[in-house]
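In the working numbering, the protein residues as written are 302 to 559.
Down below is the structure, laid out as structure tokens.
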């Protein structure tokens, strides 16, 4: 498959009254159309900063970022950010409203997504009436409603408990794959990375560069997270990532984004 996104020597620093803090240094990689890419790295290495640059929210200090064609971006954050004063249906059409794309065709598409992902009977409920996993599905539908070419996922499952996180991440991974979307996932969870991704990039400590690249493939269906985690391939991939990151993990607080 051809590349939809290319980054070449991307660098970025944070500036404050105390001086300059280099976050990214010479980041170079490509993302193929329809690929599910995961990015991991130690805390504070600039993973979310990199995602913000891809989204166009930050400008790199040097380097180039280019799409192979005109592309729309969907951004799914760590928290669902559903508005309690709006129903689930009103929440998932918010992007369409803001972009003035609330056509009948797009409304029908959203209604179908709600049916496909098990939220049709909850569309008139408020967010507080849904479980955490259901709220994340609603957040994904809101992101998918505008039909983005590239999905950016910034630790979207981190607020969920372990069992829910494993089930919902596998579910959402299957949704993204079946839709043929290109996705970039930021995660601290190595199990999540090697369960969901076609390829994992490991970033070094700050200032970050691409330290390692790991292609990932399985002979079985990705939707069954338990079966995936019981394979020899999974254990091999996990051990490789753990070894690459073992010298960089740190729980120390940082003054930059993760």
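Yeah, the Cβ is synthetic: ideal placement off N, Cα and C, and Gly gets one too.
**OP:** Measure the C-alpha to C-alpha separation of residue 459 and residue 379 and round it to an integer number of angstroms.
**Re:** Sequence index remark: in the chain shown, residue 459 carries index 158 (1-based). Sequence index remark: in the chain shown, residue 379 carries index 78 (1-based). In a straight line, the C-alpha of residue 459 is about 6 Å away from that of residue 379.
Subject >> Secondary structure of residue 559, DSSP reduced to three states >> reply: As a working mapping, residue 559 is identified with position 258 in the chain shown. Here the model assigns residue 559 a pLDDT of 45, short of 50, so the residue's position is not dependable and the matter cannot be decided.
**OP:** Have a look at 524, 387 and 303 and flag the residue whose alpha-carbon is nearest the alpha-carbon of residue 472.
**Re:** Looking up residue 472 in the chain shown gives position 171. Closest option to residue 472, judged by alpha-carbon separation, among 524, 387 and 303: 524.
Subject >> residue 390 - DSSP class collapsed to helix/strand/coil >> reply: Indexing the chain shown from 1 puts residue 390 at position 89. Per DSSP, reduced to three states, the secondary structure at residue 390 is helical.
**OP:** Please name the residue in 395, 420, 433 and 356 whose C-alpha comes closest to that of residue 464.
**Re:** What you label residue 464 is simply residue 163 of the chain shown in a count that begins at 1. Proximity to residue 464 across 395, 420, 433 and 356 peaks at 433, based on C-alpha coordinates.
**OP:** Inspect the beta-carbon positions of residue 486 and residue 442 and report whether they are closer than 8 Å.
**Re:** Within the chain shown, residue 486 is the residue found at index 185, counting from 1. Within the chain shown, residue 442 is the residue found at index 141, counting from 1. Taking the C-beta atoms as reference points, residue 442 is found no nearer than 8 Å to residue 486.
**OP:** Label residue 445 either buried or exposed according to how many other C-beta atoms from any shown protein chain fall within 10 Å of its C-beta, with 16 as the threshold for buried.
**Re:** The residue given as residue 445 occupies position 144 in the chain shown. Buried, by the Cβ-count rule.
Original post:
Sorted by chain position, which residues of the same chain lie with C-beta nearer than 8 Å to residue 474's C-beta, five sequence neighbours on each side aside?
Top reply: Position 173 of the chain shown, counted from the start, is the residue given in the question as residue 474. Within the same chain, residue 474 has close Cβ partners 337, 496, 497, 523 and 524.
Original post:
In the segment 388-463, which residue ranges form an unbroken alpha helix (DSSP H) of at least 4 residues, counting only runs that do not cross its ends?
Top reply: Counting only runs of 4+ residues, the alpha helix (DSSP H) found wholly inside the segment 388-463 occupies 389-393, 395-399, 405-417 and 433-445, in chain order.
**OP:** Answer yes or no: the CB of residue 306 versus the heavy atoms of the ligand FAD, is any distance below 7 Å?
**Re:** The ligand content of the structure shown is nil, which means the ligand FAD is not present either.
**OP:** Say whether the segment 329-347 touches the segment 476-494, bearing in mind that this needs 3 or more beta-carbon pairs closer than 8 Å, one atom from each stretch.
**Re:** The segment 329-347, when compared against the segment 476-494, does touch it at the 8 Å Cβ threshold.
Original post:
Taking all protein chains shown into account, do 16 or more other C-beta atoms lie within 10 angstroms of the C-beta of residue 305, making it buried, or fewer, making it exposed?
Top reply: To locate residue 305, count along the chain shown from 1; it is residue 4. Its Cβ being crowded by 16 or more others within 10 Å, residue 305 is buried.
Subject >> Ordered list of beta strand (DSSP E) runs contained in the segment 304-369, each at least 3 residues >> reply: Runs of the beta strand (DSSP E) lying entirely within the segment 304-369, each at least 3 residues long, are 304-317, 320-333, 337-341 and 363-368 in chain order.
Original post:
Skipping 5 residues on each side, what residues in its chain have a beta carbon closer than 7 Å to that of residue 534?
Top reply: As a working mapping, residue 534 is identified with position 233 in the chain shown. Only 519 meet the Cβ criterion.
Original post:
If we count the other Cβ atoms within 10 Å of its Cβ and call it buried at 16 or more, is residue 423 buried or exposed?
Top reply: For the purposes of this step, residue 423 is identified with residue 122 of the chain shown, where counting begins at 1. Buried, because 16 or more other Cβ atoms sit within 10 Å of the Cβ of residue 423.
Original post:
In angstroms, rounded to a whole number, what distance separates the CA positions of residue 431 and residue 467?
Top reply: Here residue 431 corresponds to residue number 130 of the chain shown, with the count starting at 1. Here residue 467 corresponds to residue number 166 of the chain shown, with the count starting at 1. Rounded to the nearest angstrom, the two C-alpha atoms are 18 Å apart.
**OP:** Taking residue 383 and residue 436 to be in contact with their CB atoms under 8 Å, please state how far apart those CB atoms are, rounded to whole angstroms.
**Re:** Here the question's residue 383 lines up with position 82 in the chain shown. Here the question's residue 436 lines up with position 135 in the chain shown. Yes, they are in contact, since the Cβ atoms of residue 383 and residue 436 sit about 6 Å apart, within 8 Å.
**OP:** Just mark residue 361 as buried or exposed, buried being the case when its beta carbon has 16 or more other beta carbons within 10 Å.
**Re:** Within the chain shown, numbered from 1, the residue matching residue 361 stands at position 60. By the 10 Å Cβ count, residue 361 comes out buried.
Original post:
Does the segment 488-507 touch the segment 398-414, meaning 3 or more C-beta pairs lie closer than 8 Å?
Top reply: Of all C-beta pairs linking the segment 398-414 to the segment 488-507, fewer than three are shorter than 8 Å, placing the two stretches out of contact.
Subject >> Beta-carbon separation (whole angstroms), residue 426 vs residue 388, contact threshold 8 Å >> reply: In the chain shown, the residue the question calls residue 426 occupies position 125. In the chain shown, the residue the question calls residue 388 occupies position 87. At roughly 7 Å, the Cβ-Cβ gap stays under 8 Å, so residue 426 and residue 388 are in contact.
Original post:
Which residues does DSSP pair with residue 509 in a beta bridge?
Top reply: For the purposes of this step, residue 509 is taken as the residue at position 208 of the chain shown. According to the DSSP secondary-structure assignment, residue 509 is paired through a beta bridge with 325.
Subject >> Close beta carbons around residue 545, own chain, < 6 Å, minus the five adjacent residues each side >> reply: In the chain shown, the residue the question calls residue 545 occupies position 244. Taking residue 545 as the centre and dropping the five residues before and after it, the same chain places the C-beta of 503 and 513 closer than 6 Å to its C-beta, in chain order.
Original post:
For residue 363 versus residue 307, is the C-beta distance shorter than 8 Å?
Top reply: In the chain shown, counting from the first residue as 1, residue 363 sits at position 62. In the chain shown, counting from the first residue as 1, residue 307 sits at position 6. No, these two residues do not count as a Cβ contact at 8 Å.
**OP:** Helix, strand or coil for residue 377, going by three-state DSSP, please let me know.
**Re:** Position 76 of the chain shown, counted from the first residue, corresponds to residue 377. Of the three classes helix, strand and coil, the one that applies to residue 377 here is strand, per DSSP.
**OP:** Output the boundary residues of the beta strand (DSSP E) element that contains residue 496.
**Re:** Numbered from 1 along the chain shown, position 195 holds the residue referred to as residue 496. Looking at the DSSP string, residue 496 is not in any beta strand (DSSP E); the run it does join, the alpha helix (DSSP H), is 491-497.
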